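One structure below.
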Amino acid sequence: MEPENETQISEFFLLGFSEKPQLQPLIFGLFLSMYLITAFGNMLIILAISTDPNLHTPMYFFLSNLSFVDICFTSTTIPKKLMNIQKESKVITYAGCVTQIYFLILFAVLDVFLLSVMAYDRFVAICHPLHYTIIMNPLLCGLLVLVSWVMCILNSLLQSLMMLRLSFCTHLHIPHFFCELNEMIQIACSDTFLNNLVMYFAAVLLGGGPFAGILYSYSKIVSSIRRISSAQGKYKAFSTCASHLSVVCLFYCTMLGVYLSSAAPQSSHSSAVVSVMYTVVTPMLNPFIYSLRNRDIKRGLKRIIGVPVM
53 MEPENETQIS
63 EFFLLGFSEK
73 PQLQPLIFGL
83 FLSMYLITAF
93 GNMLIILAIS
103 TDPNLHTPMY
113 FFLSNLSFVD
123 ICFTSTTIPK
133 KLMNIQKESK
143 VITYAGCVTQ
153 IYFLILFAVL
163 DVFLLSVMAY
173 DRFVAICHPL
183 HYTIIMNPLL
193 CGLLVLVSWV
203 MCILNSLLQS
213 LMMLRLSFCT
223 HLHIPHFFCE
233 LNEMIQIACS
243 DTFLNNLVMY
253 FAAVLLGGGP
263 FAGILYSYSK
273 IVSSIRRISS
283 AQGKYKAFST
293 CASHLSVVCL
303 FYCTMLGVYL
313 SSAAPQSSHS
323 SAVVSVMYTV
333 VTPMLNPFIY
343 SLRNRDIKRG
353 LKRIIGVPVM
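Counting from 1 along the sequence shown, just add 52 to a position and that's the residue number in my numbering.
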């Protein structure tokens with residue numbers, strides 16, 4: 053499009069889900085409930101780990117970081133959605149959209165990195181149990197988390213700066229309840245080749261790389277478990293990584309669902325619904341997945357809330 057037809061946009065419209073006024077209280081209550089469950093559940097995990105000396109191990113150190121990131125992840129999108137419903141508005145400012153994209157990418161990719169680090173931790177615990185405490189020392193654990201934060205911050209900063217070079221014309225409607233980078237690139241009226249190149253390169257490098265690490269770790273874990281002679285030993289080894297494996301499958305399956313729904317034609321509504329899975333539902337379910345089959349977490353939660361956890 054010609055440069056003279058481009059304008060400086062100050063706000064966008066988040067279409068979200070249904071536009072029917074009678075459904076807005078239901079959507080508000082649903083999102084508020086999911087947000088409170090996510091924040092409260094993950095906060096309990098963090099408190100249980102930080103206050104119980106028996107949980108001061110690498111596995112639970114990474115889990116507490118994951119819970120913190122999940123709280124931040126949902127806080128990036130849901131409060132704005134709740135505010136818009138309450139104000140009966142769909143508007144988000146340009147600056148607010150860029151900020152939301154920055155933090156959304158930051159915490160989404162950080163989730164991927166932490167899941168990869170946790171897979172490596174389980175790999176060392178099962179495949180090299182005698183050297184576990186030596187390999188997974190506090191310095192290495194802290195360094196792994198620090199490097200993950202630094203890489204994700206740099207990637208989010210790059211993606212946000214790349215978005216600033218885009219120009220927008222008249223199509224200002226975003227078919228989500230939050231600003232999503234791919235949708236912003238699609239509605240831009242300036243050249244988006246470089247943005248797409250950087251976005252997909254980062255997705256392959258920062259998404260595919262950790263995923264390959266997870267696959268490698270679990271291939272070695274499965275090989276080690278198969279060499280265990282007793283059924284009880286196999287069950288004990290597998291149970292140490294079952295929760296993590298469940299979270300990995302849930303996270304990547306929902307991400308795949310978002311990609312497939314966005315790639316399909318005439319799918320803006322279905323894409324918005326699927327996006328709720330990885331931005332809201334997955335962080336909400338993580339505390340339940342990690343606590344239901346983990347006796348140590350159950351014991352820590354019981355000490356905090358005073359009642360037994362199922």
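From the three backbone atoms N, C-alpha and C, an ideal C-beta is built for every residue, glycine too.
Keep in mind it's a predicted model, so treat the numbers as computed, not measured.
Among the options, nearest to residue i - alpha-carbon criterion
{"i": "phenylalanine 125", "options": "Ile239, Leu115, Ala91, Phe114", "result": "Ala91"}
{"i": "asparagine 234", "options": "Leu206, Ile153, Leu96", "result": "Ile153"}
{"i": "tyrosine 87", "options": "Ser102, Lys133, Leu166, Leu158", "result": "Lys133"}
{"i": "phenylalanine 165", "options": "Val325, Arg278, Tyr304, Arg351", "result": "Tyr304"}
{"i": "leucine 82", "options": "Lys354, Ile280, Met336, Arg355", "result": "Met336"}
{"i": "serine 271", "options": "Pro110, Ile178, Thr109", "result": "Ile178"}
{"i": "arginine 278", "options": "Leu267, Ile101, Tyr268, Phe290", "result": "Phe290"}
{"i": "asparagine 346", "options": "Val121, Tyr330, Leu115", "result": "Leu115"}
{"i": "alanine 240", "options": "Pro77, Ile186, Phe220, Ile266", "result": "Phe220"}
{"i": "serine 242", "options": "Asn106, Leu84, Met215", "result": "Met215"}
{"i": "valine 150", "options": "Tyr330, Val299, Ile237", "result": "Ile237"}
{"i": "glycine 260", "options": "Leu167, Gly68, Gln138", "result": "Leu167"}
{"i": "lysine 139", "options": "Pro73, Ala160, Asn106", "result": "Pro73"}
{"i": "threonine 185", "options": "Leu218, His108, Met135, Asn248", "result": "His108"}
{"i": "proline 110", "options": "Ser298, Thr292, Phe340", "result": "Thr292"}
{"i": "valine 250", "options": "Leu206, Arg351, Ile97", "result": "Leu206"}
{"i": "arginine 174", "options": "Gly285, Ser62, Tyr112", "result": "Tyr112"}
{"i": "isoleucine 349", "options": "Ser62, Asp104, Phe69", "result": "Asp104"}
{"i": "alanine 294", "options": "Val310, Asn338, Val325, Leu75", "result": "Asn338"}
{"i": "leucine 311", "options": "Ser281, Ser269, Tyr252, Ile280", "result": "As written in the sequence, residue 311 is tyrosine, which differs from the leucine given in the question. Nearest option by C-alpha distance: Tyr252."}
{"i": "tyrosine 146", "options": "Phe120, Met95, Glu232, Met135", "result": "Glu232"}
{"i": "leucine 84", "options": "Ser200, Ser276, Met135, Val299", "result": "Met135"}
{"i": "arginine 217", "options": "Val202, Leu224, Thr244", "result": "Thr244"}
{"i": "leucine 297", "options": "Ser281, Leu267, Asn248, Ile280", "result": "Leu267"}
Enclosing beta strand (DSSP E) for residue i [first to last residue]
{"i": "isoleucine 280", "result": "Element bounds for isoleucine 280: n/a, residue is neither H nor E."}
Residues that residue i bridges to, as DSSP identifies them
{"i": "isoleucine 226", "result": "Leu66"}
{"i": "valine 143", "result": "Phe65"}
Residue interval of the alpha helix (DSSP H) (run including residue i)
{"i": "tyrosine 112", "result": "110 to 127"}
{"i": "aspartate 104", "result": "Here aspartate 104 belongs to no alpha helix (DSSP H), and DSSP marks it neither H nor E."}
{"i": "proline 339", "result": "334 to 344"}
{"i": "tyrosine 367", "result": "Because the chain here runs from 53 to 362, residue 367 falls outside it and cannot be looked at."}
{"i": "threonine 185", "result": "184 to 187"}
{"i": "methionine 236", "result": "233 to 239"}
{"i": "lysine 72", "result": "Neither: lysine 72 is in no alpha helix (DSSP H) and is coded neither H nor E."}
{"i": "leucine 353", "result": "347 to 357"}
Residue burial classification, residue i (beta-carbon count within 10 angstroms, cutoff 16)
{"i": "tyrosine 342", "result": "buried"}
{"i": "tyrosine 287", "result": "exposed"}
{"i": "serine 208", "result": "buried"}
{"i": "cysteine 301", "result": "exposed"}
{"i": "proline 55", "result": "Only weak support is given to the placement of proline 55: the predicted model assigns it a pLDDT of 45, under 50, and the value that follows is read from those uncertain coordinates. That one is exposed."}
{"i": "methionine 53", "result": "Its pLDDT being 42, under 50, methionine 53 is placed unreliably by the model, and nothing is read from it."}
{"i": "leucine 353", "result": "buried"}
{"i": "aspartate 122", "result": "buried"}
{"i": "arginine 355", "result": "exposed"}
{"i": "asparagine 57", "result": "Here the model assigns asparagine 57 a pLDDT of 47, short of 50, so the residue's position is not dependable, and the following value carries that caveat. Burial call: exposed."}
{"i": "leucine 344", "result": "exposed"}
{"i": "methionine 188", "result": "buried"}
{"i": "glycine 68", "result": "buried"}
{"i": "proline 77", "result": "exposed"}
{"i": "alanine 283", "result": "exposed"}
{"i": "leucine 246", "result": "exposed"}
{"i": "serine 200", "result": "buried"}
{"i": "isoleucine 137", "result": "buried"}
{"i": "alanine 324", "result": "buried"}
{"i": "leucine 258", "result": "buried"}
{"i": "valine 202", "result": "exposed"}
Pair within 9 Å by beta-carbon distance, residue i and residue j
{"i": "threonine 129", "j": "phenylalanine 64", "result": "no"}
{"i": "leucine 162", "j": "cysteine 204", "result": "yes"}
{"i": "threonine 306", "j": "valine 333", "result": "yes"}
{"i": "cysteine 197", "j": "valine 176", "result": "Contrary to the premise, residue 197 reads as valine rather than cysteine in this sequence. No; because the gap between Cβ atoms is not below 9 Å, this pair is not in contact."}
{"i": "isoleucine 157", "j": "serine 212", "result": "yes"}
{"i": "isoleucine 226", "j": "leucine 118", "result": "no"}
{"i": "alanine 369", "j": "glycine 265", "result": "For the chain, the structure presents residues 53 to 362; residue 369 sits outside this window and is missing."}
{"i": "serine 327", "j": "histidine 228", "result": "yes"}
{"i": "asparagine 160", "j": "tyrosine 330", "result": "Correcting the residue identity first, residue 160 is alanine in this sequence and not asparagine. Cβ distance < 9 Å, so alanine 160 and tyrosine 330 count as in contact."}
{"i": "alanine 254", "j": "leucine 210", "result": "yes"}
{"i": "isoleucine 89", "j": "phenylalanine 120", "result": "no"}
{"i": "isoleucine 357", "j": "leucine 96", "result": "yes"}
Proximity test, residue i beta-carbon vs the ligand GDP heavy atom, cut-off 8 Å
{"i": "leucine 337", "result": "This structure simply doesn't include the ligand GDP, nor any ligand for that matter."}
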